[in-house]
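For reference, the structure discussed in these notes is given below.
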Amino acid sequence: MTDYAVNGAYFYAKHIAQNTTFKKVFAVGVSGDAKHHIITPLWVDDREGYKQLPDIESFVSFSEQNINEYYTRYVLEEATDVEKTTEQILKDAAELHEYLRTYGTLKDQDKPLVVAGILLALDEIEFGGFSINSLTGDQTPGMRDGDKLMNAVKGRLTRSNVGPDAKKDKLLAEFAILQTSFRLNEVNETLKKTPLKFYTEFLYEHVFRNIKYQKTSEDFIGRFYGEFMSYSGGDGQTLGIILTPRHICDLMCELVDVQPNDTVLDPACGTAGFLISAMHRMLMMADTDAQKKNIKKKQLHGFELQSNMFAVAAANMILRKDGNSNLECCDFLRKKPAQVQMKGATVGLMNPPYSQGTKADPEQYELSFIEHLLDSLTDGARAAVIVPQSSMTGKSKAEQAFKKNIMKHHTLEGVITCNTDTFYGVGTNPVIAVFTAHEPHDADKVCKFIDFRDDGYEVRAHVGLVEGDSAKDKKQHLLDVWNGRAEAPSKFCVESTVKPEDEWLHSFYYFNDEIPTDADFEKAIGDYLTFEFSMVMQNREYLFEGGDGDAESR
Numbered sequence: 000m001t002d003y004a005v006n007g008a009y010f011y012a013k014h015i016a017q018n019t020t021f022k023k024v025f026a027v028g029v030s031g032d033a034k035h036h037i038i039t040p041l042w043v044d045d046r047e048g049y050k051q052l053p054d055i056e057s058f059v060s061f062s063e064q065n066i067n068e069y070y071t072r073y074v075l076e077e078a079t080d081v082e083k084t085t086e087q088i089l090k091d092a093a094e095l096h097e098y099l100r101t102y103g104t105l106k107d108q109d110k111p112l113v114v115a116g117i118l119l120a121l122d123e124i125e126f127g128g129f130s131i132n133s134l135t136g137d138q139t140p141g142m143r144d145g146d147k148l149m150n151a152v153k154g155r156l157t158r159s160n161v162g163p164d165a166k167k168d169k170l171l172a173e174f175a176i177l178q179t180s181f182r183l184n185e186v187n188e189t190l191k192k193t194p195l196k197f198y199t200e201f202l203y204e205h206v207f208r209n210i211k212y213q214k215t216s217e218d219f220i221g222r223f224y225g226e227f228m229s230y231s232g233g234d235g236q237t238l239g240i241i242l243t244p245r246h247i248c249d250l251m252c253e254l255v256d257v258q259p260n261d262t263v264l265d266p267a268c269g270t271a272g273f274l275i276s277a278m279h280r281m282l283m284m285a286d287t288d289a290q291k292k293n294i295k296k297k298q299l300h301g302f303e304l305q306s307n308m309f310a311v312a313a314a315n316m317i318l319r320k321d322g323n324s325n326l327e328c329c330d331f332l333r334k335k336p337a338q339v340q341m342k343g344a345t346v347g348l349m350n351p352p353y354s355q356g357t358k359a360d361p362e363q364y365e366l367s368f369i370e371h372l373l374d375s376l377t378d379g380a381r382a383a384v385i386v387p388q389s390s391m392t393g394k395s396k397a398e399q400a401f402k403k404n405i406m407k408h409h410t411l412e413g414v415i416t417c418n419t420d421t422f423y424g425v426g427t428n429p430v431i432a433v434f435t436a437h438e439p440h441d442a443d444k445v446c447k448f449i450d451f452r453d454d455g456y457e458v459r460a461h462v463g464l465v466e467g468d469s470a471k472d473k474k475q476h477l478l479d480v481w482n483g484r485a486e487a488p489s490k491f492c493v494e495s496t497v498k499p500e501d502e503w504l505h506s507f508y509y510f511n512d513e514i515p516t517d518a519d520f521e522k523a524i525g526d527y528l529t530f531e532f533s534m535v536m537q538n539r540e541y542l543f544e545g546g547d548g549d550a551e552s553r
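All residue numbers for the sequence shown refer to numbering that gives the first Met the number 0, where the first residue is 0 and numbers rise by one.
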């Protein structure tokens, strides 16, 4: 080791390991300043051995909550519990999808409904309202396995005080596939039981207990839904429905600093991923059981237009003991902002339908959803939305008008450019935009535009987007910069005033103010020579001939 900071850290760590009861020590070498720095951790033992670990951006990995996971991943080089859980979810989803296809011959939109309905029925076990053993394959009308599951679903909805009756009836109509499918209710010769019983046993073993007994913000059913759609080429993407990954849901809750006294609204809630993340964060911060009960009963609200998705979201929230799930199956854009404001939402979180707006129907633009959300929140409410980059450029007249109107009545706090693989397989480059509602944007207001494409998440074969080695650390650095606790070079964060006609993106405001290195210069020359050679080979050497006369002669 030749770096002085790292060498010094190693020396002190070795001394501690050899002369105290701490035989294995983390050491960290730090050099640079607040904006430009290198932080290098080491793992040192008492036998003068050491292991240099990947550079970090902050010390969040060494916090009490994260250090065991950090040790497992970097020192032992083993998969963490989170990684194992993610891989198992994907494996289970693939397996269950195959079973649903083989034994159920179900339509794409019915698969998640069967899963959600069975999970609701399983939730009745603890109340004595359902038993897996009761699924005997009886073919008597009213006594079939689907009838028994539906009775349990009805019981669970009643127990959760789901109302009014119109809402309850809408949910039951979606779950009716459990009863109406002959294939699901007949005894399968291969299984020696009905597909419904087989699915129920599988879900109990692989999914239900995870949802019930793991205190996590992971949206298990949402994960399954997303996997089903990816395997089956379902209609989600054609409707602009792109489910938000859990780590993005959690990040957006942190960006707007969701607190236990907040009321949260997601007006395009999908499978309720944002509401689950918000609820998880709020419950972790709540002090009393009464406060926790109030959070679940009164402080989480969602709208969903697609009835099958609405049923999945409602089941998702009920399974997490969201007493009287405040979800509505409705068209958010048809609701008057003053009416929605009555809910008292202090936080808005949204992933609106993508690419549905046109010149003929500008109301469906993402910016239209953003404006409608901000108008529907209480004064001073915080909102975070994830939308395609194109929404922030707003090239059409209608989009320019939306941007102007948003700034006239609300404040843009900043925009974060996300990893291009965030919605892996969809081909959307997303950004997160953060606003304050009902506070007109001051012309002198300085906003933050951050390039967070390198967020530490990476695509792995057969798994998809997973948390990489540096993800936690990079997220903490982002939050530190966002909240003014740390400085960052302009290639990461640009602070600037903003106008409606601007492109609300880091790339629009960024100017490379770093002094080029010799390597940068050599690369630029190499790129130019490669370009020149390519053009000459295409008989376009005239591009490099000097003088106006030469250009005119051609």
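By construction, the Cβ of each residue, glycine as well, lies at the ideal position given by its N, Cα and C atoms. In this text, all values refer to a predicted model and were calculated from it rather than measured experimentally.
So what's residue i in DSSP terms, helix, strand or just coil?
{"i": "Gln17", "result": "helix"}
{"i": "Thr39", "result": "strand"}
{"i": "Gly7", "result": "helix"}
{"i": "Asp44", "result": "strand"}
{"i": "Lys557", "result": "Within the shown structure, residues of the chain are numbered from 0 to 553, placing residue 557 beyond reach of any answer."}
{"i": "Ser57", "result": "coil"}
{"i": "Lys447", "result": "strand"}
{"i": "Lys50", "result": "strand"}
{"i": "Arg459", "result": "strand"}
{"i": "Val186", "result": "coil"}
{"i": "Leu348", "result": "strand"}
{"i": "Glu327", "result": "strand"}
{"i": "Leu134", "result": "coil"}
{"i": "Arg381", "result": "strand"}
{"i": "Ser30", "result": "strand"}
{"i": "Lys342", "result": "coil"}
{"i": "Lys22", "result": "coil"}
Taking 8 Å as the limit between beta carbons, can you name the residues of its chain near residue i, skipping five residues before and five after?
{"i": "Glu56", "result": "Ile38, Ser469, Asp472, Lys473, Gln475 and His476"}
{"i": "Leu504", "result": "Gln388, Met391, Thr392, Val414, Thr416, Val430 and Phe448"}
{"i": "Pro439", "result": "Met406, Lys407, His408, His409 and Thr410"}
{"i": "Phe197", "result": "Tyr98, Tyr102, Asn187 and Leu190"}
With a CB to CB cut of under 7 Å and the five nearest residues on each side skipped, what residues in its chain are close to residue i?
{"i": "Gln290", "result": "Pro259"}
{"i": "Asp122", "result": "Arg155 and Leu318"}
{"i": "Tyr274", "result": "The sequence given here has Leu at residue 274, not Tyr. Same-chain partners within the cutoff: Val263, Asp265, Cys268, Leu299, Gly301 and Met316."}
{"i": "Tyr11", "result": "Ala26"}
{"i": "Ala4", "result": "Gly28, Val29 and Ser30"}
{"i": "Val59", "result": "Asn65, Lys471, Asp472 and Gln475"}
{"i": "Glu502", "result": "Met391 and Thr392"}
Check each candidate in the options and name the one with the smallest Cα separation from residue i.
{"i": "Lys292", "options": "Phe129, His279 and Gly269", "result": "His279"}
{"i": "Cys328", "options": "Ala172, Ala400 and Lys358", "result": "Ala172"}
{"i": "Ala378", "options": "Ser395, Ala460, Asp137 and Thr435", "result": "First, the amino acid is wrong: residue 378 is Asp here, not Ala. Looking at the Cα atoms, Thr435 is the closest of the given residues."}
{"i": "Phe374", "options": "Tyr69, Asp256, Lys335 and Tyr198", "result": "Here residue 374 turns out to be Asp, not Phe, going by the sequence shown. Here the closest residue by C-alpha is Lys335."}
{"i": "Ile569", "options": "Asp501, Tyr527, Ser489 and Glu502", "result": "Outside the shown range of the chain, which is 0 to 553, sits residue 569, and nothing can be said about it."}
{"i": "Asp45", "options": "Ser354, Glu63, Lys22 and Val59", "result": "Lys22"}
{"i": "Val425", "options": "Asp517, Leu242 and Phe520", "result": "Leu242"}
{"i": "Lys570", "options": "Ala313, Val386 and Asp146", "result": "Since the displayed the chain opens at 0 and closes at 553, residue 570 lies outside it and no answer follows."}
{"i": "Lys295", "options": "Asn307, Met281, Asn482 and Ala115", "result": "Met281"}
{"i": "Asp32", "options": "Ala487, Ala8 and Asp501", "result": "Ala487"}
{"i": "Leu195", "options": "Asp144, Ser306 and Asp54", "result": "Asp144"}
{"i": "Ala442", "options": "Lys394, Ala400 and Thr496", "result": "Thr496"}
{"i": "Ala115", "options": "Gly141, Phe309, Asp479 and Arg333", "result": "Phe309"}
{"i": "Ser367", "options": "Gly7, Lys402 and Ala337", "result": "Lys402"}
{"i": "Gly127", "options": "Asn150, Gln108 and Gln138", "result": "Asn150"}
{"i": "Val339", "options": "Pro351, Leu372, Asn18 and Thr179", "result": "Leu372"}
Can you find the residues in the same chain that come closer than 6 Å, C-beta to C-beta, to residue i, ignoring five residues on each side of it along the sequence?
{"i": "Tyr203", "result": "Leu121"}
{"i": "Val384", "result": "Met349, Ile369 and Ala432"}
{"i": "Lys167", "result": "Leu156 and Val161"}
{"i": "Ala397", "result": "Pro361"}
{"i": "Asn511", "result": "none"}
Start-end ranges of the alpha helix (DSSP H) lying completely within the stretch 281 to 324, minimum 4 residues: Counting only runs of 4 or more residues that sit fully inside the stretch 281 to 324, the alpha helix (DSSP H) segments are 288 to 297 and 306 to 318, in chain order.
Does the stretch 169 to 189 come into contact with the stretch 335 to 348, if we say contact requires no fewer than three beta-carbon pairs (one atom in each stretch) closer than 8 Å? Counting Cβ pairs under 8 Å, fewer than three are found: no touch.
Contained beta strand (DSSP E) runs [length at least 3] in the stretch 385 to 418, N- to C-terminal order: You should have 410 to 416.
For the structure I just gave you, are there three or more beta carbon pairs, one from the stretch 41 to 48 and one from the stretch 20 to 32, closer than 8 Å? The stretch 41 to 48 makes contact with the stretch 20 to 32: 3 or more CB pairs, one atom from each, lie closer than 8 Å.
Every unbroken alpha helix (DSSP H) inside the stretch 240 to 269 [4 residues or more]: Qualifying alpha helix (DSSP H) stretches, in chain order: 245 to 254.
My parser needs the beta strand (DSSP E) runs of 3 or more residues fully inside the stretch 142 to 176; what are they? List check, beta strand (DSSP E) in window: nothing returned.
Assess, as a yes-or-no matter, whether the stretch 263 to 275 is touched by the stretch 295 to 304 under the definition of 3 or more beta carbon pairs within less than 8 Å. The way I'd put it, the stretch 295 to 304 does touch the stretch 263 to 275; three or more beta-carbon pairs between them come closer than 8 Å.
Length at least 4, wholly inside the stretch 474 to 522: the alpha helix (DSSP H) runs in chain order: 505 to 508, all fully within the stretch 474 to 522.
With contact counted as at least three CB pairs below 8 Å, one residue from each stretch, are the stretch 442 to 457 and the stretch 418 to 433 in contact? The way I'd put it, the stretch 442 to 457 does touch the stretch 418 to 433; three or more beta-carbon pairs between them come closer than 8 Å.
At least 3 beta-carbon pairs within less than 8 Å: the stretch 94 to 105 vs the stretch 59 to 79: Flag = no, the stretch 94 to 105 and the stretch 59 to 79 do not touch.
My parser needs the alpha helix (DSSP H) runs of 4 or more residues fully inside the stretch 88 to 127; what are they? Within the stretch 88 to 127, the runs of alpha helix (DSSP H) at least 4 residues long that lie entirely inside it are, in chain order, 110 to 121.
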